Structure formats: structure tokens, C-alpha cells
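Position one of the sequence shown corresponds to residue 36 (our numbering), numbered consecutively onward.
We put the beta carbon where it would ideally sit given N, CA and C, even for glycine.
This structure is a prediction, so every number in the text was calculated from the model and none was measured.
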Amino acid sequence: MRRLLPALLTGLLLLGGLTQPAGAFERAVIESVVAVLRPEPAQQVEPQRESDYRPLEPEGSAVALAHGLFVTANHVLGSGDRALLRLDDGRVFEAKVTARAPAADLALLESAAPARPMQWGETPLLGEEVCAVGNAFGLGISVACGVVSKKHVTHAGFNPVEDYLQTDAATNPGMSGGALVNEKGKLVGILSAIFTKSNDANIGVNFAVSGVLTRRVVADLKDDGKFTRPAIGASLQEQPRLAPRDQAGARVTRVDPEGPAAKAGLREGDLLVALAGRSVQRPSDAVAALALAERGTTIQARVQRGDSQETVEIDLPSS
């Protein structure tokens, strides 16, 4: 990509609502994102479909969340527990992998690298301008801008738990683990995957783990050292793709008689249409909704049962 960083940053001045000069945006963002160097090659992620592709990356990226704490994409780290972080000025620091959440493709690193912690931003709107910031092709931290093309993508097929922001901001090899930021330079997602074929160039379908899922996973990793998803004791099945339907949803195929779903009144054959405030069109939507829910809380599920819809309350386990 031949666009230069100064031109990209100058272009940000044209975006509505930008309240700081391009130079301030540049310093804050570039000083918050670092290159990740591995002592061993990353493992290639096998695609689930021909068009699923996460390229083998020579290097990766990470984002400073606090002094000494960084988040990155788990797949860039390989299997080791050590990495090196390179700042944009060329200095290199050791880092330790402290916790991983492979299900969401996120991991935490601890390092003395003096990066500027990045602030969290609000979930962006559809069509809102965003920028991808990362170590493209190992050439150093760079910026590419675009818009949010889609929100709440749960079925891209890269990870067991997905809540992606889709963007046309170019995300090239080496940028995984980098930042998706809004026009104020605040963090709204962690760059994770490209949707293309292995022999294609970037075609503008790129994915970042949403800020809300990232924060949920990071909180778990910091508190417990692992990411735990609440289970409700129910199995779901996607409706036949080519079958006519009056209502989108995921079919309940099994209910554990001792689980939270059964105690709430969920039954086999119910069509789950909403869970924890999010609409459900397929099982992956329910997986994402549960991943974002707080353990030990009560959530609502809306089901289609025959000709009527009912709402039940499900008590989530606390551990």
C-alpha cells in the first residue's frame, strides 16, 4: 500500500467531529501500538472455508492497555510464552505471555516497554470512520483508514467466539493484534483476521474483535488467568439455509434437565430469537451473547413457541 502516514493523518482532519490536530492523533496512536516479534514462527490457522484466510504473519502487533500491559491476537504468538516488543523508534523489549483466550483469539503480555496506554472508545456506528493501526508486513507501525462496514459479525468462522467489527480499513499481514481506533484515536477493536482467498490481495473485508468483547476477555484474563463463558445447558442448531421461514432464530435441540435453561423453562423445539439483549439468527449469535454476559447475572431469552413468543429469564452460573 503506497499511501503515506502523513497523508493519512492529514486526511483525518476532514472527518467530522475530530477535536484534535493530526499530529496529536499520530503521537497518541503510534506510541500505543508496538510490533510483536516471536522467537518461533506463528502457526498457520487452517481455514474452515475456502474464503477464510488468516495469513502466516512474519511479525504481529500489540496494543498498550496500561503501563506494562498489552493485548494482542493470540495467533501471532505461536506456542511460546515469550516475545519481543519493538517500539516505533526501534527499541526492543522482552515480553511475557501471561494469559491466553484462544477461543476469542486474544492474549495478554507483560513488558517494561514504555508504550502509551490507549483509551477505550465507544462502540462505533455503522459507517463510522475508523483506522487500523499496526505493523504491516513488519515495516513498522502504520495507519490505514476506512469505515465500519458491519457490526456484530459472529459467523466468520475463525474462532469459536466471535463478535467482530468488519471494516474496509486495510489490514495486512503483521497488523493482527493491532488497534482499530475511532477518529479520536480511541480503541474500538483488536485487529484479527482477513476474509479473502490465500492468493488474493486485501479485498477490503477485514475483522477486528469488538471492543466490548475485548474488554470482557481482558477482564477475565486479568482476574482469573482464563476466559470463561457462561453455559446455560442448551444445544442450538441453525435453521436450514434454503427453507422458508417466518422468524429468524436458532432451534433448541437439547436441554440439560439440570441446567439454567431448563430451570428457566426453555424447551426442546423452541426457536431462540433473542438472548441477553441481542437478536439471534444462528447459534453463533447466542455464543457471542453469552460470552458478553456477566457471570452470576440474570439474562432474558425470547423464544418462538408455536404461534406465540415468550420471554424467560435465565440465571447464569457465577463460575
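Is it buried or exposed, residue i, if we count other Cβ atoms within 10 angstroms and call 16 or more buried?
i      : result
Met110 : First, the residue type needs correcting, since residue 110 is His and not Met in the sequence shown. His110 is buried by the Cβ-count criterion.
Pro295 : buried
Gly95  : buried
Leu174 : exposed
Thr333 : exposed
Ala228 : buried
Val98  : buried
Asp258 : exposed
Glu164 : buried
Asp116 : exposed
Ala136 : buried
Ser209 : Correcting the residue identity first, residue 209 is Gly in this sequence and not Ser. So Gly209 ends up on the buried side.
Glu364 : Shown here, the chain extends from 36 to 354; a query on residue 364 therefore has no answer.
Pro265 : buried
Pro159 : buried
Thr346 : exposed
Asp281 : exposed
Thr206 : buried
Val378 : In this structure the chain extends from 36 to 354, so residue 378 is not present and cannot be described.
Arg62  : exposed
Does residue i come out as helix, strand or coil in the three-state DSSP assignment?
i      : result
Gly213 : coil
Glu81  : With a pLDDT of only 48 at Glu81, under the threshold of 50, the placement of this residue in the model should not be trusted; the figure read from the coordinates follows. Looking at Glu81 - three-state DSSP - the assignment turns out to be coil, as it is neither helix nor strand.
Asp291 : coil
Phe172 : helix
His21  : Nothing can be reported for residue 21, as the shown portion of the chain is limited to 36 through 354.
Lys131 : strand
Val360 : Within the shown structure, residues of the chain are numbered from 36 to 354, placing residue 360 beyond reach of any answer.
Ala336 : strand
Ala136 : strand
Ala296 : helix
Gln154 : coil
Glu197 : coil
Leu301 : coil
Val315 : coil
Ala147 : coil
Ser184 : strand
Thr202 : strand
Ser353 : coil
Arg126 : coil
What distance in whole Å lies between the Cβ atoms of residue j and residue i, which are believed to be in contact at a cut-off of 8 Å?
i      : j      : result
Glu197 : Ser319 : 6 Å
Ala243 : Thr189 : Incorrect: roughly 14 Å between the Cβ atoms, too far for contact.
Leu200 : Val183 : 6 Å
Gly268 : Ala297 : 6 Å
Ala299 : Arg337 : About 12 Å; that fails the 8 Å criterion.
Ala167 : Asn217 : Rounded, the Cβ-Cβ distance is 12 Å, inconsistent with contact.
I'd like the span of the beta strand (DSSP E) that includes residue i, first residue to last.
i      : result
Ala350 : Sequence inspection shows Asp at residue 350; the Ala mentioned does not correspond to that position. That run of the beta strand (DSSP E) goes Ser343 to Asp350.
Ser96  : Gly95 to Ala101
His190 : Taken as a continuous stretch (DSSP letters only), His190 belongs to no beta strand (DSSP E), as it is neither H nor E.
Leu222 : Leu222 to Phe230
Arg121 : Arg117 to Arg121
Leu161 : Note, Leu161: premise wrong, no beta strand (DSSP E); not H, not E.
Ala309 : Leu306 to Leu310
Residue range of the alpha helix (DSSP H) that residue i falls in?
i      : result
Ser319 : Pro318 to Leu327
| Enumerated in chain order, which unbroken segments of the alpha helix (DSSP H) with a length of 4 residues or greater are wholly contained in the stretch 241 to 290? | 246 to 259
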